[in-house]
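K.L.:
I have a structure here, written as structure tokens, and I will follow up with some questions on it.
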Amino acid sequence: MRLRHWFQAVGLTVLFSFPLIAKPDFSEYAAGLQQEAVERGYSPELIEQVFASLEYHERIVSADRSQPERVETLDTYLPKRVSETRIRMARERYQQYQQELKEIEARYGVQGRFIVALWGLESSFGRFMGNHSVPSSLATLAYEGRREAFFRGEFFHALDILADGHIALEDMKGSWAGAMGQSQFMPSSFLAYAQDFDGDGKKDIWGNQMDVFASIANYLKSRGWDNSLTWGREVKLPEGFSMDYTIPRGTPNHRVWLQEWARTERTLADWQQLGVRRTDGRDLPERDIKAALILPDNENGRAYLAYDNYKTLMHWNRSYYFVTSVGYLADLIAAGE
């Protein structure tokens, strides 16, 4: 039925008409993906294997559409994400893999405690990597359409990983959103940063611990990690401190956020002059480094002087809560040495 006829049926006059276009079902959409896979030159064997396994998952679409708007503060977030159990496990894993982490640090220049913190927060030290077929998850989300171009691209990146032989299709499991392995890389991040540390020909972020550690470290190194710095520190602001010195909340994208970082960062000596102090009231360290002031909950919550490594972690996940939890856990790992 054309919209003109429907409007006329209810007594309304229209000046235009166009047909209602029905959305193709998932099998039709998958057929389009398959045709593109053929055009991209993937092997017939891989195409047959992948597309025979593709399934549409309504639960994934529901999860994507109904991500909750949590009323959260850093004070409620940190105890859940950095629980006593996670702190204990992080310290145990840090000691267990001390030699391996030293090897990774020597090659990539990233402190082991930050690798373990990311590992713990992303997959609970490899215990919870997700059990969804990555190609099916990505095809489902591409079909759903909210971010079709992104997930369609990730789907073909997943095919690239399979074509290169890094993982078997039946083992390519991840979260409902397509994040994979112990480091929870999306396929594009895997292709850009995953490492074959032991030289066995496979970048195995699912089961090879050294590949997992090296891949996390390589991501951070590639994004500008400075091994001479930590991530930041919680600070105390003076009464009446101007919010003009801080990065505004709600910047529309990462590019604008980086511009705001550049606009607001100052040396520690400058922050000291503005009245910023350590949480116990002592002076800031006398180091010639720059920092930006981060207020995860605006002026009513905690304040952090963030160093360049904080900026690097924001490439991983552009969330003040997540990045602060990484730094917080890394500090607690160090405190348990």
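Residues -22 to -1, 1 to 315 in mature numbering (1 follows the signal peptide of the UniProt record, and there is no 0) are what the sequence shown lists, from first letter to last.
All C-beta atoms, glycine included, are put in the ideal place defined by N, C-alpha and C.
Flag this pair as touching only if the segment 21 to 34 and the segment 259 to 277 have three or more C-beta atom pairs under 8 Å; answer yes or no.
P.N.:
In short, these stretches do not touch, since the Cβ pair count stays below three.
K.L.:
Using a Cβ-Cβ cut-off of 7 Å (strictly less than) and excluding sequence neighbours within five positions of R69, which residues of its own chain qualify?
P.N.:
Within the sequence shown, numbered from 1, the residue matching residue 69 stands at position 91. The residues are I311 and G314.
K.L.:
According to the Cβ coordinates, are I183 and S167 closer than 7 Å?
P.N.:
Taking the first residue of the sequence shown as position 1, residue 183 is located at position 205. Taking the first residue of the sequence shown as position 1, residue 167 is located at position 189. Not in contact: I183 and S167 (Cβ atoms no closer than 7 Å).
K.L.:
Please return the same chain residues whose Cβ sits closer than 7 Å to the Cβ of A15, not counting the five positions on each side in sequence.
P.N.:
In the sequence shown, counting from the first residue as 1, residue 15 sits at position 37. The answer, listed in chain order, is I25 and L137.
K.L.:
If the criterion is Cβ atoms closer than 7 Å, does the pair Y171 and N196 meet it?
P.N.:
Position 193 of the sequence shown holds residue 171. Position 218 of the sequence shown holds residue 196. Yes, the pair counts as a contact, with Cβ atoms nearer than the cut-off.
K.L.:
Any idea which residues DSSP pairs L32 with across the strands?
P.N.:
The residue given as residue 32 occupies position 54 in the sequence shown. L32 is not bridged to any residue.
K.L.:
Is the separation between the beta-carbon of N203 and that of N287 shorter than 7 Å?
P.N.:
Mapped onto the sequence shown, residue 203 falls at position 225. Mapped onto the sequence shown, residue 287 falls at position 309. The sequence as given places Trp at residue 203; Asn does not occur at that position. Contact flag set, yes.
K.L.:
Determine the extent of the alpha helix (DSSP H) in which V304 is found, giving its start and end residues.
P.N.:
The residue given as residue 304 occupies position 326 in the sequence shown. It spans Y298 to A313 - the alpha helix (DSSP H) in which V304 sits, taken as one unbroken run.
K.L.:
Considering only C-alpha positions, which residue in the set S102, Q74, A84 and L79 is nearest to I93?
P.N.:
Taking the sequence shown and counting its residues from 1, one reaches residue 93 at position 115. Residue L79 is the option with its Cα nearest to I93.
K.L.:
State yes or no: is the C-beta of T290 within less than 7 Å of the C-beta of L198?
P.N.:
Mapped onto the sequence shown, residue 290 falls at position 312. Mapped onto the sequence shown, residue 198 falls at position 220. Cβ distance < 7 Å, so T290 and L198 count as in contact.
K.L.:
What ranges does the alpha helix (DSSP H) occupy inside the segment 82 to 139, keeping only unbroken runs of at least 4 residues that lie completely in it?
P.N.:
Listed in chain order, the complete alpha helix (DSSP H) runs (minimum 4 residues) inside the segment 82 to 139 are 90 to 101 and 112 to 122.
K.L.:
Does DSSP classify M164 as helix, strand or coil?
P.N.:
By one-based count along the sequence shown, residue 164 stands at place 186. Coil, per DSSP.
K.L.:
Report the partner residues of L212 according to the DSSP bridge assignment.
P.N.:
Taking the first residue of the sequence shown as position 1, residue 212 is located at position 234. Reading off the sequence shown, one finds Glu at residue 212, where the question assumed Leu. Paired residue(s): Y282.
K.L.:
Report back the beta-carbon spacing between K214 and T245 to the nearest angstrom; my notes put them in contact at under 8 Å.
P.N.:
On the sequence shown, residue 214 is found 236 positions in, with the first residue counted as 1. On the sequence shown, residue 245 is found 267 positions in, with the first residue counted as 1. Not confirmed; about 18 Å, so no contact.
K.L.:
Bridge partners for T245 per DSSP, in chain order?
P.N.:
Translated into the one-based positions of the sequence shown, residue 245 becomes position 267. DSSP, once it has assigned bridges, lists K268 as partnering T245.
K.L.:
Report, in whole angstroms, the separation of the C-beta atoms of F129 and L119, which I expect to be a contact under 8 Å.
P.N.:
Numbered from 1 along the sequence shown, position 151 holds the residue referred to as residue 129. Numbered from 1 along the sequence shown, position 141 holds the residue referred to as residue 119. Confirmed, Cβ separation roughly 4 Å.
K.L.:
So T242 packs on W235, CB below 8 Å; how close in whole Å?
P.N.:
Sequence index remark: in the sequence shown, residue 242 carries index 264 (1-based). Sequence index remark: in the sequence shown, residue 235 carries index 257 (1-based). About 11 Å separates the two Cβ atoms, so there is no contact after all.
K.L.:
CB I82 to CB F191, shorter than 7 Å?
P.N.:
Taking the sequence shown and counting its residues from 1, the one referred to as residue 82 is at position 104. Taking the sequence shown and counting its residues from 1, the one referred to as residue 191 is at position 213. A contact, by the Cβ cut-off of 7 Å.
K.L.:
Judging by CA-CA distance, which residue of Q76, E36 and W97 is the nearest neighbour of V60?
P.N.:
By one-based count along the sequence shown, residue 60 stands at place 82. Here the closest residue by C-alpha is W97.
K.L.:
Under the DSSP definition of a beta bridge, which residues are partnered with R255?
P.N.:
Counting from 1 along the sequence shown, the entry for residue 255 is found at position 277. DSSP, once it has assigned bridges, lists K214 as partnering R255.
K.L.:
What are the partner residues of M158, as DSSP defines its beta bridges?
P.N.:
On the sequence shown, position 180 is the one that residue 158 refers to. Beta-bridge pairing links M158 to G152 and F163.
K.L.:
Which residue marks the beginning of the alpha helix (DSSP H) containing D53, and which one marks its end?
P.N.:
Locating residue 53 in the sequence shown gives position 75, where the first residue counts as 1. Counting along the chain, the alpha helix (DSSP H) containing D53 begins and ends at L52 to R59.
K.L.:
Assuming the contact rule is C-beta atoms closer than 8 Å, Y86 and Y7 should be a hit. Round their C-beta distance to whole Å, please.
P.N.:
Residue mapping note: residue 86 aligns to position 108 of the sequence shown, counting from 1. Residue mapping note: residue 7 aligns to position 29 of the sequence shown, counting from 1. Not a contact, Cβ separation roughly 40 Å.
K.L.:
Compute the Euclidean distance between the alpha carbons of G159 and E132, then round it to the nearest angstrom.
P.N.:
As a position in the sequence shown, residue 159 is number 181, starting the count at 1. As a position in the sequence shown, residue 132 is number 154, starting the count at 1. Computed Cα separation, rounded: 15 Å.
K.L.:
Which partner residues does T224 have in the DSSP bridge list?
P.N.:
Here residue 224 refers to the residue found at position 246 of the sequence shown. DSSP output for T224 lists L271 as bridge partner(s).
K.L.:
Here's a check: name, in chain order, each residue in its chain whose Cβ is nearer than 7 Å to the Cβ of M164, leaving out the five neighbours to either side.
P.N.:
Taking the first residue of the sequence shown as position 1, residue 164 is located at position 186. Excluding positions up to five away in sequence, the list reads E132, G156 and A157.
K.L.:
In terms of residue numbering, what span does the alpha helix (DSSP H) encompassing Y72 cover?
P.N.:
Position 94 of the sequence shown, counted from the first residue, corresponds to residue 72. Run containing Y72: E62 to Q74, per the alpha helix (DSSP H) assignment.
K.L.:
With distance defined between alpha-carbon atoms, name the residue in H293, M188, Y282 and W239 nearest to R201.
P.N.:
By one-based count along the sequence shown, residue 201 stands at place 223. For R201, the nearest C-alpha among the options comes from H293.
K.L.:
Please return the same chain residues whose Cβ sits closer than 6 Å to the Cβ of R211, not counting the five positions on each side in sequence.
P.N.:
For the purposes of this step, residue 211 is taken as the residue at position 233 of the sequence shown. Result list for R211: L283, in chain order.
K.L.:
Which same chain residues end up closer than 7 Å to L52 when comparing Cβ atoms and leaving out the 5 residues on each side of it in sequence?
P.N.:
As a position in the sequence shown, residue 52 is number 74, starting the count at 1. P274, D275, G279, R280, Y299 and T302.
K.L.:
Using the beta-carbon count (16 or more within 10 Å), is N186 buried or exposed?
P.N.:
Counting from 1 along the sequence shown, the entry for residue 186 is found at position 208. Counting Cβ neighbours within 10 Å, N186 comes out buried, since at least 16 surround it.
K.L.:
Taking the alpha-carbon positions, what's the I145 to K1 distance?
P.N.:
Taking the sequence shown and counting its residues from 1, the one referred to as residue 145 is at position 167. Taking the sequence shown and counting its residues from 1, the one referred to as residue 1 is at position 23. Spanning the two alpha carbons is a distance of roughly 33 Å.
K.L.:
Looking at N205 and K151, is the spacing between their C-beta atoms short of 7 Å?
P.N.:
For the purposes of this step, residue 151 is taken as residue 173 along the sequence shown, with counting starting at 1. For the purposes of this step, residue 205 is taken as residue 227 along the sequence shown, with counting starting at 1. Against a cut-off of 7 Å, the Cβ pair of N205 and K151 comes out as no contact.
K.L.:
Could you check what DSSP says for F191 in three-state terms: helix, strand or coil?
P.N.:
Here residue 191 corresponds to residue number 213 of the sequence shown, with the count starting at 1. Of the three classes helix, strand and coil, the one that applies to F191 here is helix, per DSSP.
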